[in-house]
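*Asks:* The following block contains the structure, expressed as structure tokens.
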Amino acid sequence: MRRALAIARSPDAAGGEVAAGDVPVGAVVYGPDGTELATGRNERELTGDPSAHAEIVAMRRAAAKLGGWRLSGCTVVVTLEPCTMCAGALVLARVSALVFGAWEPKTGAVGSLWDVVRDPRLNHRPEVYGGVLESECAELVRSFFRTAPDL
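Number 173 in the numbering used here belongs to position 141 of the sequence shown; there are no gaps in the numbering.
Pasting the structure below:
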């Protein structure tokens, strides 16, 4: 989780600052052997892509590195509880485990508002570990919204 927090706080891949308006969320995908495959951060404002959430960015990069869309055996670590889009992508990518930090009562889809990843009607259900370094992850998001009240 500390690695995901560092990604959330870091400058963008091009070496510049985080784009104004991108909520500081970081994600890391680890392979079955525990090696880091890819990282991602929210890049919606930076890229203009509405699907550029940290988890999606990291999973796209991991899939490209692995040469296929199945992330079986992989673990995704993210600083904020995934939304419905990201939770659905985790299931569809066959991610084996999800570790997240802060709960997201407004949009969370891993237990807060919905529980997409544990829905027995779906063909895959990753293991879930929520609330890891919860206070630190939550404070990062709270502090962002304190300084960006227009969002």
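We treat Cβ as the ideally placed atom computed from N, Cα and C, and that holds for glycine. Quick caveat, the model's predicted, so the values are computed rather than measured.
#1: When you compare only the Cα positions, how much space is there between A180 and I88?
#2: With a 10 Å radius around its C-beta and 16 neighbouring C-beta atoms as the bar for buried, classify G140 as buried or exposed.
#3: Taking the alpha-carbon of V57 as reference, which of A95, R102 and E113 has the nearest alpha-carbon?
#4: Within the same chain, show all residues whose beta-carbon is closer than 7 Å to that of G47, passing over the 5 residues directly before and after it, in chain order.
#5: Exposed or buried, Y62, counting other C-beta atoms within 10 Å across all chains shown (16 or more means buried)?
#6: Should P137 be labelled buried (16 or more other beta-carbon atoms within 10 Å of its own) or exposed?
#7: Note down, in chain order, each residue of its chain lying with its Cβ closer than 7 Å to the Cβ of R126, except the 5 sequence neighbours on either side.
#8: Would you give the residue range spanned by the alpha helix (DSSP H) that A129 belongs to?
*Replies:* Here's the rundown:
#1: Distance between A180 and I88, taken at the CA atoms: about 24 Å.
#2: Per the 10 Å Cβ criterion, buried.
#3: V57 has its Cα closest to that of E113, out of A95, R102 and E113.
#4: Note on G47: pLDDT 44, under 50, position unreliable in the model; the coordinate value appears next. Nothing meets the Cβ criterion.
#5: Y62 comes out buried.
#6: In the assembly as shown, P137 is an exposed residue. Its beta-carbon has fewer than 16 other beta-carbons within 10 Å.
#7: Closer than 7 Å at Cβ, skipping near neighbours: R102, L103, S104 and H156.
#8: That residue, A129, is in no alpha helix (DSSP H); its beta strand (DSSP E) goes A129 to A134.
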